[in-house]
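Step one of this worksheet: look at the structure below.
2 protein chains.
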Amino acid sequence: MDALRVGLIGLGTVGGGVAQILTHQAARMAHRSGRPIQLTRVAVRDLTRSRSIELPGTQLTTEALAVATAPDVDLVVELIGGLKPARELVLAALNAGKDVVTANKALLCEHGPELFRAARERGRCIAFEAAVAGGVPIIHTLGQAMTANQITSIEAILNGTSNFILTQMFQKGAAYADAVAEAQALGFAEADPSMDVQGTDAAQKLGLLTLLAFGTRVTPDQFLVQGIDTIDLDDLRNADELGYAVKLLATARLVEGQLEMHTQPTLIRKDRPIARTDGPFNIIGLTGDVVGTTWYSGQGAGGLPTASAVVSDIVDVAAGRAKTNFDLLDLWGNHPPFSLQPVHEINRRYYMRFLVEDRAHVMAEITDVLGRNDISLASVMQRETAEPEDDTIPRQKYVPLVIMTHRTTEGRLRAAAIQLEKLGCIRTPWVCMPMEGIPL
Amino acid sequence: MDALRVGLIGLGTVGGGVAQILTHQAARMAHRSGRPIQLTRVAVRDLTRSRSIELPGTQLTTEALAVATAPDVDLVVELIGGLKPARELVLAALNAGKDVVTANKALLCEHGPELFRAARERGRCIAFEAAVAGGVPIIHTLGQAMTANQITSIEAILNGTSNFILTQMFQKGAAYADAVAEAQALGFAEADPSMDVQGTDAAQKLGLLTLLAFGTRVTPDQFLVQGIDTIDLDDLRNADELGYAVKLLATARLVEGQLEMHTQPTLIRKDRPIARTDGPFNIIGLTGDVVGTTWYSGQGAGGLPTASAVVSDIVDVAAGRAKTNFDLLDLWGNHPPFSLQPVHEINRRYYMRFLVEDRAHVMAEITDVLGRNDISLASVMQRETAEPEDDTIPRQKYVPLVIMTHRTTEGRLRAAAIQLEKLGCIRTPWVCMPMEGIPL
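Heads up: the sequence lines are chains W and R, in that order. Heads up: the first sequence begins at 8 in my numbering, then just goes up one per residue. Heads up: the second sequence begins at 8 in my numbering, then just goes up one per residue.
Rendered as structure tokens:
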């Protein structure tokens, strides 16, 4: 059988891994694909840079567009990330009759429908296992293994950088900034980590999973997205003491026919698998109406785990099953999409930490506001503070107060927040995080 | 597109679930498959039994062979289990030009090569996602998502019944027999649970995974297989105290170019995901040379989770990708298989619990035997026993002694065991289990 000729755009950490596997494991890949896979062209930013990898028989160029449209390329692998020029390159490749493999979740989240449509019109396919959760095969699983099911819930840690930082903070007692610096030093965070720590990356990945699982297109501006960049070590320790771990949790689930979606730092009860997933790992819990809940975890980022996912897509294209998979994914709006649950109706438990004035009646004022908003308390924790030795020494002005609520709505919580602010006895801003899992 | 016509053999817990999904979710299945799926024939054991499920348009019969070869059947789904008549039915179906979906790990473990060859010769395919780990898509993952990798290690809990029983014993302090009875009452164990509790079921599943991951055919009689049927609550508690959980662990891994394989109750350090997988759940850790380690877990048995896997195979057949998947699986011995590591070379840590005579010099005698066999001790635990109030009261005759070793070989361990037996100060049989994970 003829070789599948691959044009690779981007030779960074992931691209380098892909090139290495295709070149050094050519026999393995041919065996798995049923035909040889040949890396014919690679587009790089700088031809003069020295590289550790030897690519005999591969033409290196800085002309990405030429690779995307070259006659000796059957499949274009886009690994440069970002929207520009990735969108133009993918469209050019599809228009030139190439299949496309990409790891670019930002691109698919933003321009997915346009690109998917273009592929379909040309009879081509786009494979994107590597766009979500690195080496964890969640796209294959949703697209093929779960076909008996209506997915009813996805809950996941989808950003390895944030999870690494939270783990460092908690395990080493590190401040947020120090944990970020360590993540950068170890290669788990980029020089500008804002996409990761602000929750955007996880929200884009959740958007893609939601499109596949529910047939609904949702972009991060349409649902609650918060990052870990305001997390305080105190809250990780409080959570631990109360039996919870704090994780950047991405959730999409069906609630009475609507989609509840959010990506936020969340307290998760320690007996749940997500709470016990530490470091640069991702984990995804999929619940389906037939299978129940199944869990998938592994390294969510890094050159080789992501390269493993990219290469599995390349093999699928070579073997001829990528097109079938692509055509049968729920990308086409064949049924009416689920609508998003309005934010104020989202129903959860909450953890709140206030710094309150240390004077009489403060507790009564706060719990009165919560009570009037129908928010019922599950637990209250105010630690004893040092008692001054005599009355001439002023007491500490603010003391921490930690409250966990029973289930309530985001709407009630926000109404209460406005009233709490007016009380004047609470320092702003205070901390508020949702919780998952009933009290033990 | 023409409907895929399905003939189902077996309408038990799993078969009933499959029939229900195909019938009641016909629109969903057509959407996921790209064509209608029609359940034309079902073979049952007893036509007169009342059933909760309505199957309009489906012909019920007791003639399984007629279903396997019927002209209005394109795909035969074999869900009766066991070797006879399953083997004959599957061969008849393949010879009649049908594709086959089966959940029968015993059949594939015993007759896999014959059946796979028959399918290949006829240009048909066999799909068997449901044969291992119920609703956890480990066959899809090995066959498609991990194609960039040489798998280097599989470690797994593959028998939900055994895991449920171990969890019950530990959490409720139940004796083995009581936990088995409860598992039976709750439907997690069959009336005759011997295939499950003796380790055969898990070993057959490990054999199938090994064929796929390493291209090596291994049957349970060729490697170390022990079940949980001799486990004592004392050992679960000792393990817990030492920082370990006891699980029926199935392992296949490459060690210096050979395959180390065993399925045995094993002490696993509590910080590992396998140690924290409780109840009727399965978990599989796959390590590949590119992706690192990824984890998969979910309910490993039960009607609906297994039906979910069967239906995903049916959809793959309907969509036309099952044949591609089947043809590219490592089932054909295209490369020289890895040979099994000789049992006496298997290198692990061990937990041992002896009941020893409570007299002077016993500890010296035992540790002398271990030391002379080059077995080095990681920890020794002998609890204080009641001291008789005066010398006229005899002391307790036997006291428990728990030893954890550093890494040693099964060969040394067996040599030591022969010598220990000769000492006469140890009650036989004693308890010996391998351990996973270095000391914390």
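Note that beta-carbon positions come from the ideal geometry of N, C-alpha and C, so glycine has one too. What you are looking at is a predicted structure, and each value in this text was computed from that prediction instead of being measured.
Item                                                                                                                                                                                        : Value
Quick one: Cα of Met268 of chain R to Cα of Tyr357 of chain W, how far?                                                                                                                     : 48 Å
Give the DSSP-derived three-state secondary structure of Met153 of chain R in the structure shown.                                                                                          : coil
Label Thr237 of chain W either buried or exposed according to how many other C-beta atoms from any shown protein chain fall within 10 Å of its C-beta, with 16 as the threshold for buried. : exposed
With DSSP collapsed to three states, give me the class of Ser160 of chain W.                                                                                                                : strand
Val317 of chain W bridges to which residues according to DSSP?                                                                                                                              : DSSP output for Val317 of chain W lists no bridge partner at all.
Sorted by chain position, which residues of the same chain lie with C-beta nearer than 6 Å to Trp302 of chain W's C-beta, five sequence neighbours on each side aside?                      : Pro280 and Gly292
Compute the distance between the beta-carbons of Pro312 of chain W and Gly88 of chain W, then report whether it is under 8 Å.                                                               : no
Are the region 255-262 of chain W and the region 185-199 of chain W touching by the rule of at least three beta carbon pairs closer than 8 Å?                                               : no
CA-CA distance, Gly24 of chain W and Val409 of chain R?                                                                                                                                     : 47 Å
Is the shortest distance between the beta-carbon of Arg260 of chain R and the beta-carbons of chain W less than 8 Å?                                                                        : no
Is the shortest distance between the beta-carbon of Gln45 of chain W and the beta-carbons of chain R less than 8 Å?                                                                         : no
Report buried or exposed for Ser386 of chain W, applying the criterion of at least 16 other Cβ atoms within 10 angstroms of its Cβ.                                                         : exposed
List, from N- to C-terminal side, the alpha helix (DSSP H) runs of 4 residues or more that fit wholly inside the region 320-407 of chain R.                                                 : 329-335 and 369-379
Going straight from the alpha carbon of Leu231 of chain W to that of His368 of chain W, what length do you get?                                                                             : 34 Å
Kindly indicate if chain R contains any beta-carbon less than 8 Å away from that of Met153 of chain W.                                                                                      : yes
Between the alpha carbons of Pro287 of chain W and Thr174 of chain R, how many angstroms are there, rounded?                                                                                : 30 Å
Comparing alpha-carbon positions, which option in W:Arg224, W:His413, W:Asn354 and W:Ala126 lies nearest Glu117 of chain W?                                                                 : W:Arg224
So with Cβ pairs under 8 Å, would you call His31 of chain R a contact of chain W?                                                                                                           : no
Which residue marks the beginning of the alpha helix (DSSP H) containing Arg131 of chain W, and which one marks its end?                                                                    : No alpha helix (DSSP H) holds Arg131 of chain W; DSSP gives it neither H nor E.
Could you have a look at Gly14 of chain W and say whether DSSP puts it in helix, strand or coil?                                                                                            : strand
When the Cα atoms are used, what is the spatial distance from Leu115 of chain R to Gln229 of chain R?                                                                                       : 16 Å
According to the neighbour-count rule (16 or more other Cβ atoms, all chains shown, within 10 Å of its Cβ), is Ser315 of chain W buried or exposed?                                         : buried
So with Cβ pairs under 8 Å, would you call Trp437 of chain W a contact of chain R?                                                                                                          : no
For Gly444 of chain W, collect the residues of the same chain with a Cβ closer than 7 Å to its Cβ; drop the 5 residues on either side in sequence, then sort them by chain order.           : Ile275, Arg276 and Arg279
8 Å is my cut-off, CB to CB: does Asp323 of chain W come that close to chain R?                                                                                                             : yes
Given a cut-off of 8 Å on the beta-carbon distance, is the pair Ile382 of chain R and Leu335 of chain R in contact?                                                                         : no
In three-state terms, what does DSSP make of Gln229 of chain R?                                                                                                                             : helix
Indicate whether at least one CB of chain R lies closer than 8 Å to the CB of Ser57 of chain W.                                                                                             : no
Using a Cβ-Cβ cut-off of less than 8 Å, list which residues of the region 228-245 of chain R approach chain W; keep chain order.                                                            : none
Can you give me the C-alpha to C-alpha distance between Thr392 of chain R and Val406 of chain R, rounded to a whole angstrom?                                                               : 8 Å
Between Gln178 of chain R and chain W, is any beta-carbon pair separated by less than 8 Å?                                                                                                  : no
Rounded to the nearest angstrom, what separates Val49 of chain W and Phe333 of chain W at their Cα positions?                                                                               : 25 Å
Does chain R have any CB closer than 8 Å to the CB of Pro344 of chain W?                                                                                                                    : no
In whole angstroms, what is the alpha-carbon distance linking Val322 of chain W and Gly295 of chain R?                                                                                      : 16 Å
When the Cβ atoms of the region 50-63 of chain R are set against those of the region 16-34 of chain R, are three or more pairs found closer than 8 Å?                                       : yes
Give me the DSSP bridge partner(s) of Val108 of chain R.                                                                                                                                    : R:Val84 and R:Ala134
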